[in-house]
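Residue numbers (the numbering used here): 107 to 488.
For every residue, glycine included, the Cβ atom is placed at its ideal position computed from N, Cα and C.
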Ligand SMILES: O=C(O)CCC(=O)C(=O)O
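Laid out in structure tokens, this is it:
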């Protein structure tokens, strides 16, 4: 790609990820406050001098008089001296019944799955519950396409909204290395066509998420350069990409110690991030499973960026109003990664491989990468 094209695209990308789009014309339930929208894009002017010095003072007190376990790289969002930038924690967002319905349905799903594993004599820890099963849950469909939530997403990407093909229900089991997600930018998992598309993620914990059970940590302003840093594949015993802290600092212009922010979120709240902001989730050192959903949306007129494997699902459109979401078509192609794995069709095989493994240097091989089929070429390499 010619460098001039790259330069223009990078400028455009910076704008896309840091400039607030036009406000929706009407006020709607569930919309974020102006401050929150500012935080999602850029922090400029969202904190007054007074607020800033008050936060500095609180931080000073905490550092001096408590045995706060967190290091500077683990400061909870909300007590940091520099505020947030490029992400926002929205507490008390969901109505109790909206998330309770998901929890109840997931309980049943886990019981059913355990029963089936028992019947076939297999017990394996599942890091991510297969989407094809999860999407049959009405409460999850309802949550993803929730009117109030879409009103908030509309403030970030405009009135054309599609559910993104990459999304997960994660049971993060305690003391399990395979459930620790290392630093990455979500855009590193998608193809280069997606780099010019803002894809907000709502990370929604189904329990209180905190330092102990492995909440998220985000590197503020990591999106402002518009760049995707060089990732490597794959972390420890996982199929996850990883981003080295030094590389993150050099490529994205962040100061890791100052900018990494811990983001505890209570049940009922959510963390909103974009697809360029580096983030990770911490190990779960508690005794409970930390359940969460990560749901994504984008403007459906843009490429979905999933290597041509799967498209998203239209949820809202000003141009062609959606009367009924076509979940059926969306779920009917729910095994998009199977061509990338040389393994038997075993529904309980939890090994995962995909095109992102070819995209970045493979510096660590494991049981997931062993299944990766180099010759799977149904996607375009950039
Ligand atoms: O939930 C987690 O542990 C990690 C989530 C994450 O990295 C993501 O949604 O991109």
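At a cut-off of 7 Å, would you count residue 385 as near ligand 1, judging by its Cβ distance to the nearest heavy atom? Counting from 1 along the chain shown, the entry for residue 385 is found at position 279. Residue 385 Cβ: within cutoff of ligand 1.
Considering only residues of the stretch 363-443, which uninterrupted alpha helix (DSSP H) runs meet the minimum length of 4 residues and lie entirely inside it, listed in chain order? The qualifying runs are 433-438.
If the criterion is Cβ atoms closer than 8 Å, does the pair residue 386 and residue 287 meet it? Here residue 386 refers to the residue found at position 280 when the chain shown is read from its first residue. Here residue 287 refers to the residue found at position 181 when the chain shown is read from its first residue. Yes. Within cutoff.
Taking only three categories from DSSP, how would you classify residue 478? Locating residue 478 in the chain shown gives position 372, where the first residue counts as 1. In the three-state DSSP reduction, residue 478 falls in the strand class (E or B).
Own chain residues within Cβ distance below 6 Å of residue 390, not counting five before or after: For this step, residue 390 is matched to residue 284 along the chain shown. 278, 280, 319, 320, 396, listed in sequence order.
Is the Cβ-Cβ distance between residue 331 and residue 312 less than 8 Å? Residue 331 sits at position 225 when you count from the first residue of the chain shown. Residue 312 sits at position 206 when you count from the first residue of the chain shown. Taking a C-beta distance under 8 Å as the contact criterion, residue 331 and residue 312 do not qualify as a contact pair.
Nearer than 7 Å: is that true of the beta carbon of residue 309 relative to any heavy atom of ligand 1? In the chain shown, counting from the first residue as 1, residue 309 sits at position 203. At least one heavy atom of ligand 1 is nearer than 7 Å to the Cβ of residue 309, so yes.
Would you say the beta carbon of residue 300 is closer than 7 Å to some non-hydrogen atom of ligand 1? Indexing the chain shown from 1 puts residue 300 at position 194. Because no heavy atom of ligand 1 lies under 7 Å away, the Cβ of residue 300 does not count as near it: no.
So the candidates are 268, 435, 308, 342; which of them puts its Cα closest to the Cα of residue 427? Here residue 427 refers to the residue found at position 321 of the chain shown. The alpha carbon of residue 427 has as its nearest neighbour, out of 268, 435, 308, 342, the alpha carbon of 268.
Suppose you measure from the CA of residue 424 to the CA of residue 406; what does that come to, to the nearest Å? Working through the chain shown from its first residue, we reach residue 424 at position 318. Working through the chain shown from its first residue, we reach residue 406 at position 300. When rounded, the distance between both Cα atoms is 12 Å.
Starting from residue 309, follow the alpha helix (DSSP H) in both directions and report where the run begins and ends. Taking the first residue of the chain shown as 1, we reach residue 309 at position 203. Element bounds for residue 309: not the alpha helix (DSSP H) but the beta strand (DSSP E), 307-311.
Through-space distance from residue 115 to residue 360, alpha-carbon basis: Within the chain shown, numbered from 1, the residue matching residue 360 stands at position 254. Within the chain shown, numbered from 1, the residue matching residue 115 stands at position 9. The alpha-carbon atoms of residue 360 and residue 115 are separated by roughly 21 Å.
Touching by the beta-carbon criterion (3+ pairs, under 8 Å), the stretch 125-142 and the stretch 255-269: The stretch 125-142 vs the stretch 255-269: in contact.
C-alpha distance - residue 303 paired with residue 121, whole-angstrom precision: As a first step, residue 303 must be located in the chain shown, where it is residue number 197. As a first step, residue 121 must be located in the chain shown, where it is residue number 15. Going by the C-alpha atoms only, they are around 11 Å apart.
Between residue 270 and residue 305, how many whole angstroms is the CB-CB distance? I'm expecting something under 8 Å. As a position in the chain shown, residue 270 is number 164, starting the count at 1. As a position in the chain shown, residue 305 is number 199, starting the count at 1. Yes, residue 270 and residue 305 are in contact; Cβ-Cβ is about 6 Å, under 8 Å.
Of all the options 293, 464, 367, which has the alpha carbon lying nearest to the alpha carbon of residue 404? The sequence position of residue 404 within the chain shown is 298, counting from 1. Comparing Cα-Cα distances from residue 404 to each of 293, 464, 367, the minimum goes to 293.
Are there any heavy atoms of ligand 1 lying less than 7 Å away from the beta-carbon of residue 218, as far as the coordinates show? Position 112 of the chain shown holds residue 218. For ligand 1, not one heavy atom lies less than 7 Å from the Cβ of residue 218.
Using a threshold of 7 Å, is the CB atom of residue 326 nearer than that to any non-hydrogen atom of ligand 1? Taking the chain shown and counting its residues from 1, one reaches residue 326 at position 220. Checking the Cβ of residue 326 against ligand 1 gives no.
Can you give the beta carbon distance from residue 316 to residue 370, rounded, assuming they're within the 8 Å contact cut? As a position in the chain shown, residue 316 is number 210, starting the count at 1. As a position in the chain shown, residue 370 is number 264, starting the count at 1. About 4 Å separates the two Cβ atoms, so the contact holds.
Alpha-carbon spacing of residue 336 relative to residue 353, whole angstroms: As a working mapping, residue 336 is identified with position 230 in the chain shown. As a working mapping, residue 353 is identified with position 247 in the chain shown. Residue 336 and residue 353: Cα-Cα distance of roughly 7 Å.
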